[in-house]
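Since the structure comes first, as structure tokens, the remarks are kept for the end.
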Amino acid sequence: MTDDPKIGDDRNGSANRSLRGSNQSGLRAYNQRLVLSLVYSHGNLTKTDIARMTGLSAQTGSVIMRELEAEDLIVKGEPVRGKVGQPSVPLSINPDGAFFFGLKVGRRSAELILVNFLGEPQAALRKSYPWPTPPLVIDFASNGIAEMLAGLPAEFRDRVAGVGIATPFELWNWTEQAEAPREQMDLWRGCDLRAELAAICHMPVYLQNDATAACAAELVFGKHPGLHDFLYLYIGTFVGGGVVLNGSIYSGRSGNAGALGPLPVAGPDGKPVQLIERASIMLLERMLKAAGLDPSPLWNSPDHWEGFEELADEWIGIVARGLAQAVVSAASIIDFEHVIIDGGLPVDVREKIVAATQAEVSLYDLRGLDVPGILPGTVGHLARALGAASLPLFDKYLIDRNARLGG
181 MTDDPKIGDD RNGSANRSLR GSNQSGLRAY NQRLVLSLVY SHGNLTKTDI ARMTGLSAQT
241 GSVIMRELEA EDLIVKGEPV RGKVGQPSVP LSINPDGAFF FGLKVGRRSA ELILVNFLGE
301 PQAALRKSYP WPTPPLVIDF ASNGIAEMLA GLPAEFRDRV AGVGIATPFE LWNWTEQAEA
361 PREQMDLWRG CDLRAELAAI CHMPVYLQND ATAACAAELV FGKHPGLHDF LYLYIGTFVG
421 GGVVLNGSIY SGRSGNAGAL GPLPVAGPDG KPVQLIERAS IMLLERMLKA AGLDPSPLWN
481 SPDHWEGFEE LADEWIGIVA RGLAQAVVSA ASIIDFEHVI IDGGLPVDVR EKIVAATQAE
541 VSLYDLRGLD VPGILPGTVG HLARALGAAS LPLFDKYLID RNARLGG
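Numbers 181 to 587, taken from my numbering, label the letters of the sequence shown in order.
So this is what it looks like as structure tokens:
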């Protein structure tokens with residue numbers, strides 16, 4: 181594809197609302213992105229559909245679609261014959277048209293995934309550790325990228341468009357909570373992880389807050405279509421989140437909107453504590469250690485927790501009480517339609533947390549509030565890595581990585 185001329189670029193989502201094209205030749209790159217964005221969000225579209233949605237002339241639309249097809253970004257389906265006229269030919273995204281790496285840097289584990297153009301994982305690697313350090317993460321990522329590139333068919337390797345990184349900001353500020361040595365975590369102060377990886381892998385590298393990346397994965401790849409306004413909560417080592425307004429991620433002045441970990445909630449003695457103390461896997465890790473149980477399954481096998489069901493149920497109750505207070509507080513400020521709860525935890529645990537949070541919310545005095553519906557997330561523990569992989573995908577090929585495409 182040709183480079184984006186940055187026409188109408190607005191990361192807060194104010195641009196591209198109409199998703200209309202222009203027949204001026206200088207906007208060809210924008211029009212290419214527009215067509216790809218619409219096909220991406222709808223699954224498949226005919227030339228007639230695209231002309232109707234974009235306002236592009238038949239000639240302009242045909243030229244763009246021939247260009248995209250020549251670049252192997254879209255493919256033609258079988259013709260669909262109607263009662264009259266020429267058969268229509270649906271166009272869809274070529275899954276092998278482009279590939280993207282996503283790196284999640286967590287406080288207890290790192291994940292690297294390679295996804296195709298549709299965001300479908302093609303390969304994945306995971307590494308657990310007691311705490312992250314820059315050399316450990318850089319070594320894991322560089323070796324993993326080389327291994328995954330070697331596993332791609334040779335003809336696809338030049339289609340890898342970049343690496344996205346999802347990481348907590350200011351890792352050094354959470355040393356005590358992560359029970360990590362101060363001198364080890366302070367190594368992050370002078371580390372530009374994006375630049376370090378760019379120098380090693382020789383491709384574009386992008387970086388975003390991990391909870392915001394997870395929210396983006398749910399927005400773009402999740403299975404709750406049509407949601408315009410929701411609060412997103414992700415339960416990992418700590419708890420974080422994101423805010424979606426009018427179908428776009430609202431990142432705020434510093435890019436940290438929806439970072440709900442510091443939100444004050446009631447602690448075990450009624451005194452205020454931060455939400456991370458009441459709704460995080462770190463809390464369950466401490467409970468397991470206090471009971472003399474091995475907490476490593478929390479990080480080594482996020483889809484399967486076994487052997488501590490009773491403690492897990494106790495933890496779910498604590499988490500639900502903390503999340504309920506967060507939900508009611510957030511709903512008092514913004515009229516969210518829904519709250520989505522996800523995390524690096526098994527599906528059955530997530531379902532229990534959602535049900536328990538709904539029950540806890542019902543205990544509040546809700547007069548004057550339109551309580552949002554509470555839904556389970558649909559991406560799971562790969563949300564942060566998948567959100568990271570979406571950064572180069574949207575930056576290079578689509579209209580706006582924050583947009584709810586096709587709205």
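Glycine residues also receive a C-beta, built at the ideal position from the N, C-alpha and C atoms.
Since the model is a prediction, treat every value here as computed from it, not as a measurement.
Query, Result
"How big is the Cα-Cα spacing for residue 509 and residue 314?", "36 Å"
"How close, in whole Å, do the beta carbons of residue 550 and residue 515 come, if the pair is a contact with beta carbons under 8 Å?", "6 Å"
"From the DSSP output, in three-state form, read off residue 268 for me.", "strand"
"Does DSSP classify residue 307 as helix, strand or coil?", "strand"
"Residue 307: buried (16+ other C-beta within 10 angstroms of its C-beta) or exposed?", "buried"
"Check this for me: beta carbons of residue 570 and residue 299, under 8 Å apart or not?", "yes"
"Report buried or exposed for residue 282, applying the criterion of at least 16 other Cβ atoms within 10 angstroms of its Cβ.", "buried"
"Can you tell me where the alpha helix (DSSP H) holding residue 528 begins and where it ends?", "527 to 541"
"Residue 349 lies in the beta strand (DSSP E); which residues open and close that run?", "Neither: residue 349 is in no beta strand (DSSP E) and is coded neither H nor E."
"In whole angstroms, what separates the C-alpha of residue 493 from that of residue 364?", "34 Å"
"According to DSSP, is residue 123 part of a helix, a strand, or is it coil?", "Residue 123 lies beyond the residue range present for the chain, which begins at 181 and ends at 587; the question has no answer from this structure."
"For the alpha helix (DSSP H) containing residue 323, name the first residue and the last one.", "314 to 331"
"How many angstroms separate the CA atom of residue 584 from the CA atom of residue 222?", "Reliability fails at residue 584, whose pLDDT of 37 lies under 50, so the model's placement of it is uncertain and the value that follows must be treated cautiously. Approximately 11 Å, taken between the alpha carbons."
"Please state the DSSP three-state secondary structure of residue 338.", "helix"
"Going by alpha carbons, who is nearest to residue 280 out of 246, 234, 212, 339?", "339"
"So, using beta-carbon positions, are residue 438 and residue 421 closer together than 8 Å?", "yes"
"Could you tell me which of 302, 358, 215, 218 sits nearest to residue 310, measuring between CA atoms?", "358"
"Note down, in chain order, each residue of its chain lying with its Cβ closer than 7 Å to the Cβ of residue 324, except the 5 sequence neighbours on either side.", "292, 305"
"Name, in chain order, the residues that DSSP records as bridge partners for residue 484.", "Partner(s): none; residue 484 has no beta bridge."
"Look at the alpha carbon of residue 475 and the alpha carbon of residue 469, and state the distance between them as a whole number of angstroms.", "7 Å"
"Straight-line CA distance for residue 362 to residue 355?", "6 Å"
"Going by DSSP, what residue range makes up the alpha helix (DSSP H) through residue 380?", "373 to 381"
"Smallest Cα separation from residue 290: which of 268, 463, 269, 322?", "322"
"For residue 369, which residues from the same chain have a beta carbon less than 8 Å from its beta carbon, with the 5 sequence-adjacent residues on both sides left out?", "352"
"Between which two residues does the alpha helix (DSSP H) holding residue 475 run?", "Residue 475 -> no alpha helix (DSSP H), and no H or E assigned at all."
"Around the Cβ of residue 490, are there at least 16 other Cβ atoms within 10 angstroms (buried) or fewer (exposed)?", "exposed"
"Which residues does DSSP list as the beta-bridge partners of residue 388?", "346"
"Distance, Cα to Cα, residue 454 vs residue 502?", "9 Å"
"Can you name the start and end residues of the alpha helix (DSSP H) that residue 465 belongs to?", "461 to 470"
"Give me the residue from 245, 214, 477 with the minimum Cα distance to residue 226.", "245"
"Taking the straight line between their C-alpha atoms, what separation do you get for residue 519 and residue 273?", "30 Å"
"DSSP three-state label for residue 251, please.", "coil"
"Taking DSSP as the reference, what is the three-state secondary structure of residue 276?", "helix"
"By Cβ distance below 6 Å, which residues in the same chain neighbour residue 360 in space, the five residues on each side in sequence not counted?", "311"
"Does the Cβ of residue 484 have 16 or more other Cβ atoms within 10 Å, making it buried, or fewer, making it exposed?", "exposed"
"Beta carbon of residue 254, beta carbon of residue 236: below 8 Å?", "no"
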